[in-house]
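In the UniProt record's numbering, the protein residues as written are 1 to 497.
Report on one structure; see the data block that follows.
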Amino acid sequence: MAFYYEEPSRTFSEYLLIPGYSSVECVPSKVSLETPLVKFEKGKEPELSMNIPMVSAIMQSVSDDRLAIALAQEGGLSFIYGSQPIESQAEMIEKVKRYRAGFVVSDSNVSAEMTLQDVLRLTEQTGHSTIAVTEDGSPNGKLLGIVTNKDYRVSRMTPDTRVKDFMTKLDDLVYAQEETTLKEANDIIWDHKINCLPLVNKNQELVYLVFRKDYDTHKKNEYELIDSSKRYMVGAGINTRDYEERVPALLKAGADILCIDSSEGFSEWQKLTIDYIRRNYGDRVKVGAGNVVDAEGFRFLAEAGADFVKVGIGGGAICITREQKGIGRGQATALIEVAKARDAYYEETGIYVPICSDGGIVHDYHITLALAMGADFIMLGRYFARFDESPTKRVNINGSYMKEYWGEGSARARNWQRYDMGGDKKLSFEEGVDSFVPYAGSLKDNVNLTLSKVRSTMCNCGAINIPELQQKAKITLVSSTSIVEGGAHDVMLRDKR
Ligand code: RVP
């Protein structure tokens with residue numbers, strides 16, 4: 001006979017937090033939102049963690065390189081969507097890794113024997129106007145000079161003019177040693193009124209470029225998420241079909257972490273994918289798995305070696321899986337059960353496997369609830385799709401700006417790998433819709449506002465960090481009548497002018 005759950009499955013809007021005692025020490029400015037991204041042993045630090053508990057959904061309409069940079073600047077992480085050719089996904093990863101963060105590995109290089117035409121072609125391809133001249137034309141070759149658009153005049157020079165004849169030569173160039181800190185580099189840039197400072201090693205080989213504009217942005221992002229080379233961190237979605245080709249390419253491009261993107265993750269396909277990664281890369285390569293909605297699914301993926309486990313089926317704003325297939329579970333109930341399973345697994349093995357609550361965040365306070373219920377971080381699609389930095393078009397509909405947002409299971413995305421159960425390699429029926437969401441401005445402004453609410457609520461609960469919130473939170477179910485009481489009621493709203 002089928003198994004019946006005693007209780008209905010519930011979602012975030014059916015719960016509220018009850019405030020706890022907060023001391024005068026417990027103020028939003030002191031709240032830390034740092035959270036583990038990958039599993040770790042008791043008593044040890046996780047190898048990867050984030051400064052805010054937010055990741056962006058593995059979706060065409062959400063996570064490209066531009067959004068990834070904006071989110072890493074605020075302390076979170078994007079998983080670049082995998083429903084695209086391997087080369088273009090790898091290119092997006094490379095773009096994030098190349099992007100500033102203070103010290104940039106030069107991606108626009110020429111040798112002294114190359115020509116003005118080569119310089120112009122490179123500038124057009126990369127959009128960069130500072131080009132390093134190295135002995136062999138490689139990013140880390142011996143530095144000979146620099147070319148910027150101040151060094152040439154296209155109208156006065158022939159395209160075959162050699163780089164060596166118009167570059168700024170090393171003797172006239174201001175450069176510094178690789179140990180130079182960002183602050184020192186910035187001082188040199190200001191003292192010499194230059195825009196770019198090359199850093200070289202003791203063999204005079206180019207290591208980094210430091211740009212004036214980067215330092216200014218750098219100072220504004222106190223939570224930014226960077227790797228040991230001070231490049232922004234970025235994740236990548238993979239599927240359970242082409243991982244033998246995709247994974248090496250993404251790692252080569254610099255992906256910091258991978259995540260298997262599947263609508264339903266309690267499957268042997270996921271285990272085979274993780275096995276491949278462990279066989280080839282051991283524990284060096286980090287990979288999340290999912291999605292699951294119960295304790296059994298969690299344990300399966302934890303035992304298969306997942307570095308984190310993603311929770312949620314059918315709760316996404318654009319998701320119609322529940323209607324189409326009749327599978328899924330209320331997001332709050334799923335999360336609560338998986339969090340208990342995670343804690344039991346930790347107790348038993350001494351290994352803490354972070355969990356990510358994926359989908360269904362409608363109000364900012366849902367994020368706080370998800371954290372209180374045991375999530376280590378939250379994956380959001382609709383939320384990020386609304387911002388300037390998301391990859392989709394902004395359109396004007398009846399006088400209001402909207403952004404496009406479509407599901408990976410929609411006919412538009414055609415991401416059959418995410419839904420395929422080993423069938424005919426096509427999306428047989430849709431599990432997602434194509435939609436619009438209200439445009440909301442910049443990621444930075446919105447994330448800051450959202451997190452100020454999260455920090456404030458945490459203080460109401462007497463918690464100064466996420467583990468403390470998870471320990472102290474008192475969570476209550478609310479009746480449908482009291483949900484009405486929670487909004488403005490029994491008043492006539494004035495027009496918002
Ligand atoms: P939301 O934040 O509510 O927009 O949900 C985003 C999540 O929805 C994604 O991270 C993914 O798990 C799920 N998704 C993406 N596409 C589809 C679909 O087409 N059904 N669902």
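A virtual CB, placed ideally from N, CA and C, is assigned to each residue, including glycine.
- Distances from the CA of leucine 182 to each of Cys196, Lys169, Asp171 were compared; the closest alpha carbon is that of Cys196.
- Two segments are said to touch when three or more pairs of C-beta atoms, one from each, lie closer than 8 Å; by this definition the segment 50-59 touches the segment 221-231.
- Judged by the Cβ position, glycine 237 fails to qualify as a neighbour of ligand 1 at the 6 Å threshold, every heavy atom of the ligand being at least this far.
- Within the same chain, Cβ atoms closer than 6 Å to the Cβ of glycine 312 are found at Asn291, Gln331, Asp358, Gly359, the five residues on either side in sequence being excluded.
- Taking the Cα positions, arginine 494 is about 15 Å away from glycine 487.
- For arginine 322, the CB stays at least 6 Å from every heavy atom of ligand 1.
- A direct Cα-Cα distance of roughly 20 Å separates tyrosine 99 from valine 147.
- By alpha-carbon distance to arginine 284, the top candidate from Ala306, Trp269, Ser390, Arg299 is Ala306.
- Taking the Cα of serine 263 as reference, the smallest distance to any Cα among Asn396, Asn203, Asp343, Tyr419 is reached at Tyr419.
- A residue is called buried when at least 16 other Cβ atoms come within 10 angstroms of its Cβ; phenylalanine 3 does not meet this threshold and is exposed.
- Within 10 angstroms of the beta-carbon of lysine 202 lie fewer than 16 other beta-carbons, which makes it exposed.
- With respect to the 7 Å criterion, threonine 35 and aspartate 343 are not classified as neighbours on the basis of their beta carbons.
- Ligand 1 has a heavy atom closer than 6 Å to the beta-carbon of glycine 381.
- Considering only Glu124, Gly423, Ala440, Ser410, the residue with the shortest C-alpha distance to glutamine 60 is Ser410.
- With distances taken between CA atoms, valine 433 lies nearest to Glu404 out of Glu404, Ser155, Val338, Cys461.
- As a beta-bridge residue in DSSP terms, phenylalanine 436 pairs with Glu404.
- Counting C-beta atoms within 10 angstroms of its own C-beta, tryptophan 190 has fewer than 16 neighbours from the protein chains shown and is therefore classed as exposed.
- The residues Ala341, Tyr345, in chain order, have a CB closer than 7 Å to that of arginine 299 in the same chain once the five nearest residues on each side in sequence are set aside.
- CA-to-CA, the gap between alanine 339 and glutamate 7 works out to about 17 Å.
- Per the coordinates, the alpha-carbon of glutamate 124 lies some 58 Å from the alpha-carbon of threonine 476.
- The C-alpha of alanine 70 lies about 33 Å from the C-alpha of lysine 42.
- Taken from the Cβ of glycine 409, at least one heavy atom of ligand 1 lies inside 6 Å.
- In this structure, the straight-line span from the alpha carbon of serine 400 to that of arginine 414 is close to 28 Å.
- Relative to the non-hydrogen atoms of ligand 1, the Cβ of aspartate 358 comes within a distance shorter than 6 Å of at least one.
- Rounded to the nearest whole angstrom, the C-alpha separation of isoleucine 351 and glutamate 74 is 28 Å.
- Looking at Asn186, Phe166, Gly237, Arg279, the one whose alpha-carbon comes closest to that of arginine 212 is Asn186.
- Sequence-distant Cβ neighbours of alanine 176 in its own chain, meaning closer than 7 Å and more than five residues away, are Ala185, Ile188, Leu197, Leu199.
- In the three-state reduction of the DSSP assignment, serine 78 falls in the strand class, which pools E and B.
- At the C-beta level, proline 28 and valine 38 stay beyond 7 Å of one another.
- Along the UniProt domain "CBS" (167-228), the beta strand (DSSP E) occurs as fully enclosed runs of 3 or more residues at 196-200, 206-211, listed in sequence order.
- Beyond the five residues adjoining it in sequence on each side, methionine 114 comes within less than 7 Å, by CB distance, of Gly137, Val163 in the same chain, given in chain order.
- Selection Leu250, Ser129, Ser22, Gly297 evaluated against glycine 462 yields Ser22 as nearest (Cα-Cα).
- Between tryptophan 406 and leucine 427, the alpha-carbon positions lie close to 15 Å from each other.
- Rounded to the nearest whole angstrom, the C-alpha separation of serine 13 and alanine 90 is 38 Å.
- The beta carbon of valine 454 sits closer than 6 Å to the beta carbons of Ile367, Thr368 from its chain, once the five residues preceding and following it are set aside; these are given in chain order.
- When the Cα atoms are used, phenylalanine 103 and glutamate 431 turn out to be separated by approximately 43 Å.
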